[in-house]
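Q:
In the working numbering, the protein residues as written are 24 to 1039.
Below you can see the structure in the form of structure tokens.
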């Protein structure tokens, strides 16, 4: 063994690292060295770093346990700069590179001497599961103080305080066969599918594909297994129909074989993505893959044994010990004690021995272990202690000894005397648990198998599991399962099957494993030293036992009470052990207790990868109408409505002074009421609806009737969610017998189109109807006011006579020589024409209107003026007068509801519920302040008795409030409990500054109550 100062545990030979090059990295401020091919974890072990973190709850020192995604302790913070900070990275998955800067996520003032560790050591017994719920409930006045410190103590790592300099992207892909995992089974499956001509994507989370074969003792065709890996990967890389994605984790499995893959493209190279040819490379990529067939070759995680002190640094998984020795050339200690319940654990002892280190003993829970690996250990002269287990690890910052004793598994007790074996490393193996996380994302429930002592995934259509993921561990059988799965998947996609010759694998004789999860101690679980089940979340066997004693019987409840399987860990190492302990305490079997539900993401995914390019300027793209430049040149102020930039108001200079918004809006309002105004209404959502069943569909999604709407007519409609609450409104016009144009609110256009598609595709697929968004196709110019007809007549060939072109009609003709649809509908209460032209002609028509409109006083107005004008008429705006709890009847719009339609419609059933029929529901009313100069605050709360003690009973709130220049007073719309029955009553609005405003409840229509002006 090398005794170099930098890497005291690095072996002289072996591993897949590049010993010709040395890399420097920093961990917690200390510089260390490693080699290309190392992970951060292997380099830390090579340098003798025992403590890599402090535990989440008790701040106990923690060391590296595993060698892959299942690592619970070595969760670190990356980044040499503030902008490059990345939290919650597993050291076992982070490739080493020159200048890598890493720190622990817990530990103050440092990970070696953590003051919180004293609290955990002295007060740990007073912090069982449920401690927070029971302790911080009283006094209630102290909760904000408690919360401050609880939040400070919670979490792993920290987010960067500066903008991320990197870019990320998304790929949308389709394939015939997606193979998740590139170990023996995955490579065999991919090879079989590829040779059959299927389009194949292979995703594997490791830097190198090959899985366990990269550190295997086994041979194929009498040669090291990794040589077969090289040959297969060379063939797959040469296939045009195959995409290989190393460093790519399948983090989520969704409906219909939709799988998200997180590819870490440059995270193994530097803190931030490198620059090539003047361009910064992509740091990570999210592949959104729709696969015809999915083959899960995700392998299995080795289960640790649960014994006292199993969290002390120096406790590792047996398989991890082998991986570090054979793949990275690192022996993480000098003297090993192995505690196992199966033959697979023996490989760690054999590898340790071959590395020139001392194996103190193999402690096997079985009375008479037998098999090829057991025989090999005996041939090496290794002491094997049978029918026993390590019941406790001694040590504080590093293992110093293992306490070993005979155990009675069935009786769950120590049955013999205890001996203490001096050692610095304890490896344990409780068997393997198939990785069922992805399959569980589909909702399929896993199935328990006694023969493998583990759950295997439940599968849905188009999915197969093979190899370790299916509970198959013998190498020859794994390869055979992989080939069979690949052939079956390719055949299912219509490809001709091609034969694949399997390499011969030595069939090893193995003895049966024993089901051992928690190792008994001399003391009862609740009295003895801590035995950790979930190392990341500090969940102990005692905590699970206590949860069952407190009445928690469902494994989902136990999980939430104890935090088992929470966070980034997702129960990879601890869940099966935790379920077994719960089953023992409840007197049930493991399948009766069941497993918890695993959810995406399998391992942490950066926000950058999730967001992709949808950030900064592309986070919420700005949309402009075809007339935007005209508005800019006229000095318009803009407001955001959905993604659109809409003119808010047009301030002018008067006597050298720019108008305020109040002055500009007053001028614009009067122009509309007295002459003529023009609004760019192009942003309104427009959905083209066609098909023989279009009328029936409209009647099902709107509250009112549509079967008799004639061609050339328009109708206002309300749309409700299935809970009966108003979600959108707009005017829909009949363009032809089976052809309609629906308008929606600007901000709701995309959501309403999705809503229509949802109901059509899932509830009413039998209806023959089609939807197309045409919002961007048409520019809409609204001219409104007493002079609107005269203006339009000058540039249009339409007959605009009142009797031939009535209110709520539409006509097709030419405006300014351009084909147009003109709608006579009004959102101001004035004579109005909405002119729709193909968007490319909008500027020409707009400028022509202004050329002819100068003599009529044509005035552009913005959204603020539009709000004032519509509120004067009592017209609602969805999202302002409604908030998801308002029905059509609450708005006083019973006239817009067709309860007698021949079929049901969305929201009808909900509107018959007793709750929606209550008399004291909040209902839309008008408010007229007693002082006309007062402009009520939007959102102001309404009370009936201003002298009532605080808290006052609130009966409603103001939804819209404006100053009306035509009325020369303030006015408002509001929702008030039982408001329709309170017309004429006085209500009060207490303000934060101590003032109280009085207002009278009045009709929602403040101007032209008979609607005569829009019918002229």
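Where a beta carbon is used, it is the ideal one built from N, C-alpha and C, also for glycine. These numbers come from a predicted model, not from an experiment.
#1: Following the continuous beta strand (DSSP E) through residue 413, name the residue where it begins and the one where it ends.
#2: To the nearest angstrom, how far is the alpha carbon of residue 445 from that of residue 426?
#3: Helix, strand or coil: how does DSSP classify residue 338 here?
#4: Tell me residue 952's beta-bridge partners as DSSP assigns them.
#5: Got a sec, what are the start and stop residues for the alpha helix (DSSP H) residue 684 sits in?
#6: Output the distance between the C-alpha atoms of residue 280 and residue 638, rounded to the nearest integer angstrom.
#7: Let me confirm a value: residue 173 is counted as buried when at least 16 other C-beta atoms fall within 10 Å, else exposed. Which label applies?
#8: For the candidate residues 775, 529, 490 and 462, whose alpha-carbon lies nearest to that of residue 245?
#9: What are the boundary residues of the beta strand (DSSP E) that includes residue 663?
#10: Under the three-state reduction of DSSP, which class applies to residue 164: helix, strand or coil?
#11: Residue 49 by DSSP, collapsed to three states: which one?
#12: Entirely within the segment 516 to 557 and at least 3 residues each: give me those beta strand (DSSP E) ranges in chain order.
#13: Can you give the beta carbon distance from residue 999 to residue 973, rounded, assuming they're within the 8 angstroms contact cut?
#14: Am I right that residue 234 and residue 322 are in contact with their C-beta atoms under 8 angstroms? What's the rounded C-beta distance?
#15: Is residue 125 buried or exposed, if buried means 16 or more other CB atoms sit within 10 Å of its CB?
#16: Out of 828, 326, 198 and 206, which one is the CA nearest neighbour of residue 88?
#17: Let me know the secondary structure DSSP gives residue 637 once reduced to three states.
#18: Identify whether residue 906 lies in helix, strand or coil by the three-state DSSP scheme.
#19: Tell me which residue opens and which closes the alpha helix (DSSP H) that residue 574 is part of.
#20: How close, in whole Å, do the beta carbons of residue 479 and residue 469 come, if the pair is a contact with beta carbons under 8 angstroms?
#21: Compute the distance between the beta-carbons of residue 832 and residue 736, then report whether it is under 8 angstroms.
#22: Using 8 angstroms as the threshold, is the C-beta distance between residue 513 and residue 221 below it?
#23: Mind reading off the beta-carbon distance from residue 705 to residue 659? Whole number of angstroms is fine, and I expect it under 8 angstroms.
#24: If you compare alpha carbons, which of 506, 411, 467 and 388 is closest to residue 534?
#25: Could you pull out every residue in the same chain whose Cβ sits closer than 6 angstroms to the Cβ of residue 343, ignoring the five residues on either side in sequence?
#26: If you draw a straight line from the C-alpha of residue 360 to the C-alpha of residue 582, how long is it?
#27: Measuring CA to CA, which of 289, 318 and 497 is closest to residue 209?
#28: Alpha carbon to alpha carbon, how far is residue 251 from residue 113?
#29: Out of 758, 947, 524 and 349, state which residue places its alpha-carbon closest to the alpha-carbon of residue 903.
#30: State the DSSP-derived secondary structure class of residue 459, mapped to helix, strand or coil.
#31: Could you pull out every residue in the same chain whose Cβ sits closer than 6 angstroms to the Cβ of residue 375, ignoring the five residues on either side in sequence?
#32: Just to confirm, is the Cβ distance from residue 310 to residue 194 under 8 angstroms?
#33: Return the CA-CA distance between residue 828 and residue 847, expressed in angstroms with no decimal places.
#34: For residue 350 versus residue 39, is the C-beta distance shorter than 8 angstroms?
#35: Do the segment 694 to 710 and the segment 804 to 822 meet, that is, are 3 or more Cβ pairs less than 8 angstroms apart?
#36: Would you identify the three-state DSSP class for residue 169, choosing helix, strand or coil?
A: In short, the structure shows the following:
#1: Where residue 413 is concerned, the enclosing beta strand (DSSP E) stretches over 411 to 418.
#2: Taking the CA atoms as reference points, residue 445 sits about 9 angstroms from residue 426.
#3: Three-state result, residue 338: strand.
#4: For residue 952, which the question treats as bridged, DSSP gives the partners 1022.
#5: Note, residue 684: alpha helix (DSSP H), 684 to 697.
#6: Those two C-alpha atoms are separated by around 28 angstroms.
#7: It counts as exposed.
#8: Selected option, being the one with the closest Cα: 529.
#9: Run containing residue 663: 660 to 664, per the beta strand (DSSP E) assignment.
#10: When secondary structure is reduced to three states using DSSP, residue 164 falls in the helix class.
#11: Residue state, collapsed to three classes: strand.
#12: Those beta strand (DSSP E) runs which fall completely within the segment 516 to 557 and span 3+ residues are 555 to 557.
#13: About 20 angstroms separates the Cβ atoms of residue 999 and residue 973, ruling out a contact at the 8 angstroms cut-off.
#14: That belief holds up - the Cβ atoms of residue 234 and residue 322 are roughly 6 angstroms apart, short of 8 angstroms.
#15: The residue in question, residue 125, is buried, as its Cβ has 16 or more Cβ neighbours within 10 Å.
#16: Selected option, being the one with the closest Cα: 326.
#17: It is coil, neither helix nor strand.
#18: The answer is coil: DSSP assigns residue 906 none of H, G, I, E or B.
#19: Run containing residue 574: none; DSSP gives neither H nor E here.
#20: Rounded, the Cβ-Cβ distance is 6 angstroms, consistent with contact.
#21: Taking 8 angstroms as the cut-off, the beta carbon of residue 832 is found closer than this to the beta carbon of residue 736.
#22: In contact: residue 513 and residue 221 (Cβ atoms closer than 8 angstroms).
#23: Not confirmed; about 14 angstroms, so no contact.
#24: Nearest in C-alpha terms to residue 534, of all of 506, 411, 467 and 388, is 388.
#25: Same-chain partners within the cutoff: 89 and 90.
#26: Residue 360 and residue 582 have their C-alpha atoms roughly 32 angstroms apart.
#27: Selected option, being the one with the closest Cα: 318.
#28: The C-alpha of residue 113 is placed about 29 angstroms away from the C-alpha of residue 251.
#29: Check the Cα spacing between residue 903 and each of 758, 947, 524 and 349: the tightest is with 947.
#30: In the structure shown, residue 459 sits in coil (DSSP, three-state: anything other than H, G, I, E or B).
#31: Cβ within range, chain order: 359 and 382.
#32: Against a cut-off of 8 angstroms, the Cβ pair of residue 194 and residue 310 comes out as a contact.
#33: Going from the Cα of residue 828 to the Cα of residue 847 covers about 8 angstroms.
#34: In contact: residue 350 and residue 39 (Cβ atoms closer than 8 angstroms).
#35: Verdict: yes, contact present.
#36: Helix.
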